[in-house]
Amino acid sequence: MVEMEDDIKLFQSIGLSEQKAKETLKNKQVSNNLKLTIIEANKYGIITPEVGILLYHLASKIKNQISDQLPFIAKYIVEKKLDTIQRVDAALSFLLNHVKKTIDVSNFEKECGIGIVVLPEEIESEVENVLNAHKAEILEKRYHLNVGPLMQQVRNNLKWADGKEVKNEFDVQMLVLLGPKVDSDFALPPKTVKQTKIKKPEKEKVEQKNVTAVNEKVGAQTISELMKTKVHFHKPGENYKTEGYIVTPSTQKLLQEHLKITGGRVRTRFPPEPNGILHIGHAKAININFGYAAAHDGICYLRYDDTNPEKEEEKFFVGIREMVEWLGYKPAKITHSSDNFQQLYEWAVKLIEKGFAYVCHQSSKEIKGFNPPPSPWRDRPISESLQLFQDMKDGLLEEGEATLRMKVTLEEGKQDPVAYRIKYTPHHRTGDQWCIYPTYDFTHCLCDSIEHITHSLCTKEFQSRRSSYYWLCNALDIYCPVQWEYGRLNVSYTVVSKRKIAKLIEQGFVADWDDPRLFTLTALRRRGFPSEAINNFCAQMGVTGAQAVVDPAVLEACVRDVLNVTAARHMVVLDPLKITISNFPHENHVKLSVPNFPNESEKGQHDIVFNKLVYIEASDFKEKAEKDFRRLTPNQSVGLKHAGVVLTVKEIEKDSSGKIMNIIVKQEPASESNKPKAFIHWVSNPVLASVRLYERLFKHKNPEDSNEVPNGFLSDINPSNKKEIVGYIDASLMNLAKPFDKFQFERIGFFSTDPDTTSEKLVFNRTVTLKEDSGKV
32 MVEMEDDIKL
42 FQSIGLSEQK
52 AKETLKNKQV
62 SNNLKLTIIE
72 ANKYGIITPE
82 VGILLYHLAS
92 KIKNQISDQL
102 PFIAKYIVEK
112 KLDTIQRVDA
122 ALSFLLNHVK
132 KTIDVSNFEK
142 ECGIGIVVLP
152 EEIESEVENV
162 LNAHKAEILE
172 KRYHLNVGPL
182 MQQVRNNLKW
192 ADGKEVKNEF
202 DVQMLVLLGP
212 KVDSDFALPP
222 KTVKQTKIKK
232 PEKEKVEQKN
242 VTAVNEKVGA
252 QTISELMKTK
262 VHFHKPGENY
272 KTEGYIVTPS
282 TQKLLQEHLK
292 ITGGRVRTRF
302 PPEPNGILHI
312 GHAKAININF
322 GYAAAHDGIC
332 YLRYDDTNPE
342 KEEEKFFVGI
352 REMVEWLGYK
362 PAKITHSSDN
372 FQQLYEWAVK
382 LIEKGFAYVC
392 HQSSKEIKGF
402 NPPPSPWRDR
412 PISESLQLFQ
422 DMKDGLLEEG
432 EATLRMKVTL
442 EEGKQDPVAY
452 RIKYTPHHRT
462 GDQWCIYPTY
472 DFTHCLCDSI
482 EHITHSLCTK
492 EFQSRRSSYY
502 WLCNALDIYC
512 PVQWEYGRLN
522 VSYTVVSKRK
532 IAKLIEQGFV
542 ADWDDPRLFT
552 LTALRRRGFP
562 SEAINNFCAQ
572 MGVTGAQAVV
582 DPAVLEACVR
592 DVLNVTAARH
602 MVVLDPLKIT
612 ISNFPHENHV
622 KLSVPNFPNE
632 SEKGQHDIVF
642 NKLVYIEASD
652 FKEKAEKDFR
662 RLTPNQSVGL
672 KHAGVVLTVK
682 EIEKDSSGKI
692 MNIIVKQEPA
702 SESNKPKAFI
712 HWVSNPVLAS
722 VRLYERLFKH
732 KNPEDSNEVP
742 NGFLSDINPS
752 NKKEIVGYID
762 ASLMNLAKPF
772 DKFQFERIGF
782 FSTDPDTTSE
792 KLVFNRTVTL
802 KEDSGKV
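Per this note's numbering, the very first residue in the sequence shown carries number 32; after that it's consecutive.
Here it is in structure tokens:
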């Protein structure tokens with residue numbers, strides 16, 4: 032406790048509030064970095080609040096692989112040589128690109144802009160130039176114009192200008208140009224107003240940068256629209272125009288051969304590992320890969336990345352293919368990484384022969400992390416590595432005794448990734464043929480090359496593999512595709528990790544991979560989410576470089592949009608209250624024909640039964656009327672939907688405990704002169720069904736956040752995540768409802784028929800409520 036109080040005081044000494052200091056202590060990594068930073072900084076001078084902000088930024092942003100450079104950067108900050116967040120970020124970037132290398136101080140200071148002072152006059156002049164270039168548009172749109180891109184242009188031209196000073200100068204010059212805001216400036220802009228487009232300098236036209244491949248503003252309604260109008264990747268055969276692509280003497284020849292094979296068509300692939308079930312994040316990857324190919328008259332392969340035989344099962348191969356097809360995509364071809372095991376092995380041998388790979392005996396623990404000790408076997412003779420690699424293949428070495436490693440450093444600083452490891456596990460497709468298996472780092476780019484993929488589209492975490500991707504293809508002198516990265520899609524209030532879902536199943540919190548409370552694709556299908564809604568949701572998320580963490584309400588809104596026009600309406604009562612019509616005019620029940628969709632008779636009808644006994648929702652009756660309550664009370668009539676009658680209470684029957692058992696009413700025809708305040712749903716001669724009502728599985732947005740959920744995600748289970756009740760359903764559903772069929776239960780929500788349904792018992796899952804519950808967001 033005393034140590035914690037000392038740390039809080041230490042953090043407050045650099046300008047942090049007490050609350051911020053306490054929050055920082057919850058993050059062990061950042062707090063340790065910050066303590067070391069403050070200790071080092073105090074050696075070089077006084078820490079002012081401005082310096083404190085930069086030190087905190089340093090402590091929270093520095094990566095493990097360069098943490099040993101923390102004192103070096105802290106000194107520059109205290110000496111006010113790194114005096115902005117922009118310069119600190121530049122310093123971190125420089126050091127990440129020079130891990131384990133002697134720092135060239137001159138280059139370091141040049142990259143960080145140390146000593147460069149941007150004068151106010153320069154900012155004023157540059158802002159004036161940019162505003163003059165767009166003056167006509169500014170005068171037309173006034174303060175509705177998004178000046179963000181204009182400010183960014185100034186920052187691009189004056190790299191080390193202070194951001195606040197640039198903004199202040201923009202504010203001043205905009206005020207001079209337009210005068211004070213008038214009423215029209217406060218009104219919402221018309222939806223047709225488009226965001227200002229900034230003309231790029233001529234020198235930037237030659238290269239198509241990775242970052243510009245993503246759409247700057249999301250909002251596409253369909254995947255086709257997104258891919259055709261907002262995503263701009265390189266054209267087939269123009270790989271060399273993308274930033275970071277390595278051009279070799281063989282590049283043009285290889286590209287020409289590639290174009291002959293592909294016919295100049297876009298060719299993508301979706302490469303899942305067959306060791307688990309696909310989840311909502313995979314839906315984005317499927318839509319991007321298949322969607323981009325479809326939008327550009329190309330083809331997309333489904334390639335199983337089956338290089339880890341320990342975890343691969345037939346059910347995962349089948350499940351993945353089914354989900355791809357459920358989302359509406361048909362692979363041009365189904366392939367497997369294992370199809371290429373022989374070719375991959377031969378290329379590994381070639382890599383050793385060229386001196387680009389070696390056999391290493393360090394254990395997995397020894398090479399784990401960012402700064403493992405260098406391998407003492409890195410410079411062993413080529414002939415020795417060739418023989419050892421042959422021994423690995425022939426089963427003469429034990430698991431873990433040796434690996435094949437590549438002589439390359441990843442962007443994140445990790446050196447010499449493993450290319451092959453020994454596993455004495457039969458493979459799903461190749462049996463006992465192999466006892467060495469390639470890793471992702473080795474396999475992925477080479478399979479892309481073999482299949483002549485034009486666009487290797489992957490999530491942002493693989494950006495650190497891009498240099499090794501290009502290096503490996505070029506080291507082997509084979510066709511090199513282009514890797515493009517996009518941000519992952521994550522949804523709040525859930526977990527998607529295969530290991531964590533397995534734990535939920537083991538602990539009995541969910542039934543299986545397709546439990547409707549999960550966000551696996553099989554679970555979403557079972558809950559009743561239409562595939563079209565999931566695709567539209569992915570389109571609305573766009574293809575940006577930023578990682579998206581989205582509230583489930585956004586996906587649920589897409590689901591409602593689709594189901595509202597596709598799910599037939601039926602009447603179901605979930606909390607029944609018995610109503611007896613004393614003056615029911617018929618001896619037996621009568622049949623009523625009801626439209627499946629109001630005001631759309633062309634979409635069909637179904638018959639329901641109207642009888643003397645009906646059931647309504649208990650919430651549609653109150654003994655004591657409240658203000659604005661528009662349904663049935665002892666003094667207020669209510670109409671029955673589709674029946675054309677109005678009910679008026681005559682008597683209320685209760686049991687000995689005072690619970691209402693039956694309400695006796697009289698009916699009258701509904702008319703202009705006898706028009707009730709509301710019409711409610713009801714059922715007669717109902718069939719009983721099991722209805723499952725689902726809520727969020729977890730209580731917190733991020734159940735994996737140790738600060739919010741210190742005892743782990745299993746301790747964050749929402750106890751009210753599922754309730755199963757008996758519903759009184761319209762009997763017509765008994766013959767209509769088949770597994771996965773979707774319906775709107777009038778005034779209640781959207782529901783889907785669960786596969787547990789039998790000929791004797793109907794089971795429904797609530798997909799979503801009719802409207803978003805504002806309390807959830």
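No residue lacks a Cβ here, since even glycine has one placed at the ideal position from N, Cα and C.
Worksheet item: So what's tyrosine 107 in DSSP terms, helix, strand or just coil?
Response: helix
Worksheet item: Relative to the C-alpha of serine 523, which residue among Glu157, Lys732, Arg300, Ala542 is closest?
Response: Lys732
Discussion item. Suppose only complete runs of 3+ residues qualify. What are the beta strand (DSSP E) ranges in the segment 622 to 676, listed by chain order?
Written reply: 636 to 641, 644 to 648, 669 to 671
Worksheet entry | Three-way DSSP call (helix, strand, coil) for proline 412 in this model | coil
Worksheet item: Taking the alpha helix (DSSP H) that glycine 83 falls in, what are its first and last residues?
Response: 80 to 92
Worksheet item: How would you label tyrosine 455, buried or exposed, when you count the other beta carbons within 10 angstroms and need 16 or more for buried?
Response: exposed
Fill in: Beta-carbon contacts of valine 130 that lie in its chain and below 7 Å, excluding the five residues immediately before and after
Gln96, Ile97, Gly444
Discussion item. Rounding to the nearest angstrom, what Cα-Cα distance links alanine 324 and glutamate 36 in this structure?
Written reply: 58 Å
Practice prompt. Would you check if there are 3 or more beta carbon pairs closer than 8 Å linking the segment 694 to 707 to the segment 762 to 776?
Written response: no
Discussion item. Ignoring anything shorter than 4 residues, give me the alpha helix (DSSP H) runs that lie fully in the segment 702 to 779, in order along the chain.
Written reply: 764 to 767
Item to complete: Name the one or two DSSP bridge partners that serine 783 has.
Response: Lys773, Asn796
Worksheet entry | Sequence-distant residues of its chain with Cβ nearer than 6 Å to glutamine 514 (five each side left out) | Ser487, Arg497, Tyr500
Discussion item. Measuring straight from C-alpha to C-alpha, what distance separates aspartate 472 and isoleucine 319?
Written reply: 22 Å
Item to complete: In the DSSP assignment, find the unbroken alpha helix (DSSP H) run with glutamine 204 in it and report its ends.
Response: 194 to 209
Worksheet entry | Among Leu101, Leu427, Leu441, Asp120, the one whose alpha carbon lies nearest that of glycine 400 | Leu441
Worksheet item: Unbroken alpha helix (DSSP H) runs of length 4 or more, entirely within the segment 476 to 517: which are they?
Response: 497 to 506
Worksheet item: With 16 as the cutoff for other CB atoms within 10 Å, does lysine 62 come out buried or exposed?
Response: Here residue 62 is serine; the residue named in the question, lysine, does not match the sequence. Classification of serine 62: buried, given that the 10 Å Cβ count is 16 or more.
Worksheet entry | Three-state secondary structure assigned by DSSP to tyrosine 323 | helix
Fill in: Where the beta strand (DSSP E) containing alanine 542 begins and where it ends
No beta strand (DSSP E) holds alanine 542; DSSP gives it neither H nor E.
Discussion item. Taking the straight line between their C-alpha atoms, what separation do you get for leucine 56 and isoleucine 93?
Written reply: 17 Å
Practice prompt. Closer than 6 Å by C-beta to isoleucine 145: which residues in its own chain qualify, once you throw out the five before and the five after it? Chain order, please.
Written response: Lys112
Worksheet item: Among Gln100, Thr115, Ser369, which residue has its Cα nearest to the Cα of asparagine 128?
Response: Gln100
Practice prompt. For lysine 681, name the three-state secondary structure that DSSP assigns.
Written response: strand
Worksheet entry | Where the beta strand (DSSP E) containing valine 581 begins and where it ends | 579 to 581
Worksheet item: By Cβ distance below 8 Å, which residues in the same chain neighbour aspartate 328 in space, the five residues on each side in sequence not counted?
Response: Arg296, Val297
Fill in: Rounded distance between the beta-carbons of threonine 273 and histidine 265, thought under 8 Å
5 Å
Worksheet item: With respect to the alpha helix (DSSP H) encompassing leucine 123, which residues constitute its N-terminal and C-terminal limits?
Response: 116 to 127
Worksheet item: Does DSSP put methionine 692 in a helix, a strand or coil?
Response: strand
Worksheet item: Should isoleucine 147 go down as buried or exposed, given a rule of 16 or more other Cβ atoms within 10 Å for buried?
Response: exposed
Worksheet item: Between arginine 411 and tyrosine 376, is the Cβ-Cβ spacing less than 8 Å?
Response: no
Worksheet item: So, is alanine 599 buried or exposed, given that buried needs 16 or more other C-beta atoms within 10 angstroms?
Response: buried
Discussion item. Tell me which residue opens and which closes the beta strand (DSSP E) that valine 449 is part of.
Written reply: 449 to 453
Discussion item. Using 8 Å as the cut-off, can you tell me whether the segment 634 to 653 makes contact with the segment 662 to 672, which would need three or more C-beta pairs spanning the two stretches below that distance?
Written reply: yes
Discussion item. Classify alanine 167: buried if its beta carbon has 16 or more other beta carbons within 10 angstroms, exposed otherwise.
Written reply: exposed
Worksheet item: From this set, Ile77, Gln50, Ala90, Pro80, which residue's C-alpha is nearest lysine 66's C-alpha?
Response: Ala90
Worksheet item: Do the segment 718 to 725 and the segment 744 to 753 touch if we need at least three Cβ pairs shorter than 8 Å?
Response: yes
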